[in-house]
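J.: Numbering (my numbering), first residue to last: 1 to 135. The beta carbon of each residue, even a glycine, is placed where N, CA and C say it ideally should be. Just passing along the structure, written as structure tokens.
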Amino acid sequence: MDLSNIPLALVVDDDAMILMDACDILERAGFRFHEAANGEDAKALLAVHADNVTLLFSDVEMPGETNGFALARYVAEHWPWIEIVIASGRAEPRLGDMPDKATFLRKPFNDRMVHDHLRRTLPDQKMPVQLRRAV
Numbered sequence: 001m002d003l004s005n006i007p008l009a010l011v012v013d014d015d016a017m018i019l020m021d022a023c024d025i026l027e028r029a030g031f032r033f034h035e036a037a038n039g040e041d042a043k044a045l046l047a048v049h050a051d052n053v054t055l056l057f058s059d060v061e062m063p064g065e066t067n068g069f070a071l072a073r074y075v076a077e078h079w080p081w082i083e084i085v086i087a088s089g090r091a092e093p094r095l096g097d098m099p100d101k102a103t104f105l106r107k108p109f110n111d112r113m114v115h116d117h118l119r120r121t122l123p124d125q126k127m128p129v130q131l132r133r134a135v
């Protein structure tokens, strides 16, 4: 099976249940994914896989030195082609927290919220076929 036409997302959340749910939602949207439990693990995965990553989907509050906002800024600086969605149920982004191209999604989220958000924010060439078809 050729996976080159299936966009790759990096999903980052320290809560295992939310991570699993986010991965399932993105998989139903048409993404394949890598997952990380914190910003440092995400950076390590990006060092190897960034050339193939289409989307960073990250929580804000995580253990370690790199929260979701810092990870978003790091990704935008090093890999500007990666689209960025930051999600949180508690933290609200303030001016300068996120790079200009990043978008914010409030938790708790569900399939419809995430899929609608991605349809509105992803460029057509980065949108999975399933999201283009389902309206």
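Sort T66, K107, D59 by Cα distance to I84 and report the nearest one.
T.: As a working mapping, residue 84 is identified with position 84 in the sequence shown. Looking at the Cα atoms, D59 is the closest of the given residues.
J.: Sort E27, I18, T54 by Cα distance to D124 and report the nearest one.
T.: Position 124 of the sequence shown, counted from the first residue, corresponds to residue 124. Ranking E27, I18, T54 by Cα distance to D124 puts T54 first.
J.: Could you tell me whether the region 15-24 touches the region 38-54, using the rule of 3 or more Cβ pairs below 8 Å?
T.: Touching, no.
J.: In three-state terms, what does DSSP make of D59?
T.: By 1-based counting over the sequence shown, the position of residue 59 is 59. In this structure, D59 counts as strand in the three-state DSSP scheme.
J.: Tell me whether N67 is buried or exposed, calling it buried when 16 or more other Cβ atoms sit within 10 Å of its Cβ.
T.: Counted from its first residue, the sequence shown places residue 67 at position 67. By the neighbour-count rule (16 or more Cβ atoms within 10 Å), N67 is buried.
J.: Would you mind reading off the limits of the beta strand (DSSP E) that contains F104?
T.: Sequence index remark: in the sequence shown, residue 104 carries index 104 (1-based). Run containing F104: 103-106, per the beta strand (DSSP E) assignment.
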